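Final position of the sequence shown in the UniProt record's numbering is 203; the numbers increase by one with none missing.
Ideal Cβ placement from N, Cα and C applies to all residues, glycine included.
Values in this document were obtained by computation on a predicted structure and should not be read as measured data.
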Amino acid sequence: MAKLYFHYATMNAGKTTMLLQASYNYHERGMRTMLFVAGHYRKGDSGLISSRIGLEAEAEMFRDGDDLFARVADHHEHTTVHCVFVDEAQFLEEEQIWQLARIADRLNIPVMCYGLRTDFQGKLFSGSRALLAIADDLREVRTICRCGRKATMVVRLGPDGKVARQGEQVAIGKDVYVSLCRRHWEEEMGRAAPDDFIGFTQA
Ligand SMILES: [Zn+2]
């Protein structure tokens, strides 16, 4: 049986590179893939996915209310689809996660989702919540904090270079995201003072 996968990580962990590489591997073997990316914050009709190391591919965009099962089933009817890839999967709606599950369960096509687990305030995105709940296979894409520990959180730096502690879940524009370990995230968010550990010896 085909599975629904969720590869999750913080920002800048190389998720898109992994997606494009995995899709390319299918093409190399003469198989076809269908790529989706969130259209919520994109201008125009181009769903180009590009990674920081220069790989890119054209993708279809998904928006709220879209029926992804219907779109893949229609396409699959005249051109066999061997794997479905979804970038920015955190923006999917809960119902759309169930549609992706149906693509795996009823069309027997594997679905590989890539996305962020939490936002800059440490809260789950809606799509990520549903994927964590029902995906068959959860895989963490690792990246590291400035201290060398595994980064599981992300902070947002505004145009002034300061860490945003409040605001919209997604900011468009010149904001920069930095991946941090949970300890340094709490310090940057002002929730814990630096070096305030009690009962631990500082390394
Ligand atoms: Zn750290």
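Check: Ligand 1 site residues, beta-carbon cut 5 Å against heavy atoms; Outcome: C145, C147, R149, C181 and H184
Check: Nonlocal neighbours in the same chain, by C-beta distance under 8 Å from A164, ignoring five residues either side; Outcome: F120, V155, R156, L157, G158, A171 and D175
Check: The stretch 112–131 contacting the stretch 68–82, beta-carbon criterion three pairs below 8 Å; Outcome: no
Check: Element boundaries [alpha helix (DSSP H), containing T143]; Outcome: Segment: none, T143 is in no alpha helix (DSSP H) and carries neither H nor E.
Check: contact_flag[the stretch 59–68, the stretch 96–104] where n(CB pairs < 8 Å) is 3 or more; Outcome: yes
Check: Residue burial classification, E56 (beta-carbon count within 10 angstroms, cutoff 16); Outcome: exposed
Check: Element boundaries [beta strand (DSSP E), containing V111]; Outcome: V111 to L116
Check: Environment of H78 [buried if 16+ CB atoms lie within 10 Å]; Outcome: exposed
Check: Same chain, Cβ closer than 7 Å to E140, neighbours up to 5 away in sequence not counted; Outcome: Y8 and A9
Check: Outcome for M34 when other beta-carbon atoms lying within 10 angstroms are tallied against a minimum of 16; Outcome: buried
Check: Simplified DSSP assignment, three categories, for I49; Outcome: strand
Check: Those residues which DSSP pairs with R156 across a bridge; Outcome: Y177
Check: Coil, strand or helix - Y8 by DSSP; Outcome: strand
Check: T80 (DSSP reduced to helix, strand or coil); Outcome: coil
Check: Residues near A192 by beta carbon distance below 8 Å, same chain, minus five either side; Outcome: R183 and E186
Check: Beta-bridge pairing of K162 - partner residues as DSSP gives them; Outcome: BP columns for K162 are empty, so no partner.
Check: Best match in R29, A38 and N108 for proximity to G115 [C-alpha to C-alpha]; Outcome: A38
Check: Residues bridged to L35 (per DSSP); Outcome: F85
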